[in-house]
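In the numbering used here, the protein residues as written are 751 to 954.
Glycine included, every Cβ here is placed at the ideal spot set by N, Cα and C.
Every value quoted in this text rests on a predicted model; they were computed, and no experiment measured them.
Reading through the structure tokens given below for one structure.
Here it is as structure tokens:
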């Protein structure tokens with residue numbers, strides 16, 4: 751920080767009661783722009799029957815906002831699951847954001863909850879296609895009631911921990927009243943990620 755004082759008068763009498771006008775100029779040092787690393791993220795959407803209605807609508811709105819907020823160097827994929835798993839958006843920068851958002855809007859609720867299957871598909875995408883210089887993230891949006899595949903923290907969390915050791919972290923965002931807080935917290939802890947409960951898309 752640099753400070754410069756300029757007096758209104760060239761000469762100032764000593765030992766006199768006189769008001770003096772002063773101009774103070776403060777120059778802050780130039781701040782270099784902060785460039786964050788690119789992000790390679792897979793949003794994993796729970797479309798099972800228990801997410802029908804408000805919870806699934808909030809999840810879809812949150813993912814559409816993620817697509818709109820992504821920077822030009824970021825790549826986003828979207829995986830959906832019930833008892834089956836489907837990739838609806840490949841891992842890339844989606845230049846036509848509204849077309850990508852429409853694909854998310856078409857997601858409908860279905861059957862059971864193969865949460866581990868959705869997560870494993872996201873892991874496969876990031877392992878095979880994720881840029882080595884990018885921050886690789888899996889974001890699971892669910893009520894956490896897994897009942898197909900690896901349906902307990904004891905069986906699922908070790909896989910999440912192994913992915914974390916390979917540089918892929920996992921965060922969980924819980925939706926709907928009665929979501930399985932303990933299960934999602936254990937998964938997020940294993941993945942060195944975060945776990946949240948959200949009432950709606952804005953919080954997510």
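- Counting pairs of beta carbons, one from the stretch 766–778 and one from the stretch 809–824, are three or more of them closer than 8 Å? At 8 Å Cβ cutoff, the stretches do not touch.
- Query: Taking buried to mean at least 16 other C-beta atoms within 10 Å of its own C-beta, is residue 819 buried or exposed?
  - Reply: Looking at its Cβ environment, which holds fewer than 16 other Cβ atoms inside 10 Å, residue 819 is exposed.
- Contact the stretch 848–868 vs the stretch 829–837: 3+ CB pairs below 8 Å: Yes: at least three Cβ pairs fall under 8 Å.
- Note down the Cα distance separating residue 917 from residue 799, rounded to an integer number of angstroms. Computed Cα separation, rounded: 32 Å.
- Query: Which whole runs of the beta strand (DSSP E) in the stretch 896–946 are 3 residues long or more, in chain order?
  - Reply: Within the stretch 896–946, the beta strand (DSSP E) runs of at least 3 residues that lie entirely inside it are, in chain order, 918–925.
- Thinking residue 887 and residue 791 are a contact (beta carbons under 8 Å), I'd like their distance in whole angstroms, please. About 4 Å separates the beta carbon of residue 887 from that of residue 791, a gap short enough to meet the 8 Å contact definition.
- Message: Whole angstroms are fine: how far does the CA of residue 752 sit from the CA of residue 816?
- Response: For residue 816 and residue 752, the gap between their C-alpha atoms comes out near 41 Å.
- Using a threshold of 8 Å, state whether the C-beta atoms of residue 827 and residue 841 are closer than that. Closer than 8 Å, so yes.
- Item | Where residue 875 sits in the DSSP three-state scheme | Three-state result, residue 875: helix.
- Message: Buried or exposed, going by whether 16 or more other CB atoms sit within 10 Å of the CB of residue 755?
- Response: Label assigned to residue 755: exposed.
- Hey, how far is the Cα of residue 898 from the Cα of residue 822? Distance between the alpha carbons of residue 898 and residue 822 is about 36 Å.
- Query: Under 8 Å, do residue 892 and residue 824 count as touching if we go by C-beta distance?
  - Reply: The answer is no: Cβ separation not under 8 Å.
- Message: For residue 895 and residue 782, I'd like the C-alpha separation in whole angstroms.
- Response: Computed Cα separation, rounded: 46 Å.
- Item | Straight-line Cα distance separating residue 947 from residue 915 | Answer to the nearest angstrom: the Cα atoms are 26 Å apart.
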